[in-house]
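Working notes, structure below.
6 protein chains.
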Amino acid sequence: MPYVNIRITDEQVTAEQKAQLIQGATQLLVEVLGKNPATTFVIIDEVNTDNWGIAGNTVTNLRKQD
Amino acid sequence: MPYVNIRITDEQVTAEQKAQLIQGATQLLVEVLGKNPATTFVIIDEVNTDNWGIAGNTVTNLRKQD
Amino acid sequence: MPYVNIRITDEQVTAEQKAQLIQGATQLLVEVLGKNPATTFVIIDEVNTDNWGIAGNTVTNLRKQD
Amino acid sequence: MPYVNIRITDEQVTAEQKAQLIQGATQLLVEVLGKNPATTFVIIDEVNTDNWGIAGNTVTNLRKQD
Amino acid sequence: MPYVNIRITDEQVTAEQKAQLIQGATQLLVEVLGKNPATTFVIIDEVNTDNWGIAGNTVTNLRKQD
Amino acid sequence: MPYVNIRITDEQVTAEQKAQLIQGATQLLVEVLGKNPATTFVIIDEVNTDNWGIAGNTVTNLRKQD
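Chains as they are written, first to last, in our numbering: chain A, 12 to 77; chain B, 12 to 77; chain C, 12 to 77; chain D, 12 to 77; chain E, 12 to 77; chain F, 12 to 77.
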């Protein structure tokens with residue numbers, strides 16, 4: 012019955028990549044804890060780079076400095 | 012002072028249905044625990060079906076198989 | 012496939028009350044949105060009153076002022 | 012290593028205000044707990060006023076009554 | 012900069028299993044999206060079976076029916 | 012009406028420090044966005060170091076390497 016929430020920045024993640032994250036996270040719970048995949052939820056939240064901060068800066072600003 | 016977070020797939024939920032979820036969840040906390048509605052928050056997150064997985068599949072794919 | 016997270020203060024909530032919250036929240040999603048209860052999750056988080064703040068105060072302090 | 016999630020209504024918050032929230036929340040963790048800003052995350056979620064309820068009403072409705 | 016939150020029932024999960032979940036979830040984000048592991052957080056929440064509901068029942072009750 | 016969730020490792024945080032986090036986070040929302048403190052929630056989650064991972068390792072293991 013696990014619930015997995017993956018939060019990432021909203022930077023052109025494809026539907027195929029999302030499907031891989033969902034499959035991989037579900038598989039991980041099956042392998043490590045023997046959980047039932049039928050009742051394993053994975054939710055991906057894509058967050059605008061203006062809304063994600065690290066080290067006191069927005070990711071938008073950090074990307075400009077790269 | 013409860014906080015309720017309802018996460019559902021983003022599939023044409025109307026403003027009226029959202030209002031019903033908010034009213035119903037608030038009422039539930041009042042009835043079961045005697046909470047004060049004035050400080051009861053309900054937040055609804057609508058999640059794209061590409062971003063929600065169950066049983067290792069995206070809901071987008073599961074809907075196609077119906 | 013809804014996911015409902017109910018966060019409340021940790022103040023002697025009984026197992027029976029938790030069961031009522033779970034049943035009521037599930038029923039709400041069935042009635043308002045026609046969701047399938049078999050894949051409806053409800054998770055209750057009980058939070059210490061030292062760790063919950065409102066109006067800039069901890070609930071522990073607010074309870075003392077009552 | 013703190014993780015801070017700020018949820019607010021989606022009402023014309025500017026990029027500058029978001030940057031201030033991120034900077035301020037990070038600074039708070041540094042000052043109070045001596046945390047390392049380099050591994051402090053702040054994520055801001057903006058929520059539609061139809062999707063946020065208080066006192067059993069949507070914020071959309073509450074704004075109309077003002 | 013991903014943030015992964017894994018919520019599972021509190022049923023004798025070992026420190027070794029938690030370490031495997033953390034390693035596996037981090038590896039997944041590296042492989043699928045090329046994320047930097049140094050800024051990938053994984054947080055595991057263990058939830059009492061009284062506090063987790065599925066199909067309108069607590070997991071505590073569902074376990075008794077097995 | 013903001014909701015702020017601060018997640019930190021469970022390493023002897025005092026009630027006084029928690030009160031400071033709650034006061035500071037509330038003040039931040041008042042100053043930056045003009046929010047009403049009376050309806051500003053702050054919830055602090057303390058997470059066991061076995062349950063928090065960064066860079067693919069548990070914080071428990073990272074602390075040993077210091």
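No residue lacks a Cβ here, since even glycine has one placed at the ideal position from N, Cα and C.
Three-way DSSP call (helix, strand, coil) for residue i in this model
i, result
"A/Gly-45", "coil"
"A/Thr-37", "helix"
"D/Thr-50", "helix"
"F/Gln-28", "helix"
Beta-carbon separation (whole angstroms), residue i vs residue j, contact threshold 8 Å
i, j, result
"F/Ala-36", "D/Leu-73", "Contact flag wrong, Cβ pair sits at about 23 Å."
"D/Thr-50", "D/Thr-20", "D/Thr-50 to D/Thr-20, Cβ: 29 Å. No contact."
"E/Asp-31", "A/Val-53", "Just to set this straight, residue 31 of chain E is Gln in the shown sequence, not Asp. With a Cβ gap of about 17 Å, E/Gln-31 and A/Val-53 do not count as contacting."
"A/Ile-55", "A/Ile-17", "5 Å"
"D/Gln-34", "A/Gly-67", "5 Å"
"C/Val-15", "B/Met-12", "Wrong, their Cβ atoms sit about 17 Å apart, outside the cutoff."
"C/Lys-48", "C/Val-41", "The sequence shown places Pro at residue 48 of chain C, not Lys. Yes, C/Pro-48 and C/Val-41 are in contact; Cβ-Cβ is about 6 Å, under 8 Å."
"D/Ile-62", "B/Lys-75", "A quick correction: the sequence has Asn, not Ile, at residue 62 of chain D. That belief does not hold up - the Cβ atoms of D/Asn-62 and B/Lys-75 are roughly 27 Å apart, past 8 Å."
Identity of the residues DSSP links to residue i by a beta bridge
i, result
"B/Arg-18", "B/Asp-56 and C/Tyr-14"
Extent of the continuous alpha helix (DSSP H) run through residue i
i, result
"D/Asn-62", "D/Asn-62 -> no alpha helix (DSSP H), and no H or E assigned at all."
"D/Thr-71", "70-76"
Neighbour flag for residue i against chain I, beta carbons, 8 Å
i, result
"A/Val-15", "Absence of chain I from the displayed structure is noted, the protein chains being A, B, C, D, E and F."
What are the residues of the segment 61-73 of chain C that lie near chain F, defined by any Cβ-Cβ distance shorter than 8 Å?
Asp-61, Asn-62, Trp-63, Gly-64, Ile-65, Ala-66, Gly-67, Asn-68, Thr-69, Thr-71 and Asn-72
Using a beta-carbon distance cut-off of less than 8 Å, what residues from the segment 34-52 of chain A approach chain D?
none
Residues of the segment 18-33 of chain D whose Cβ lies closer than 8 Å to any Cβ of chain F, in chain order
Arg-18, Ile-19, Thr-20, Val-24, Gln-28, Gln-31 and Leu-32
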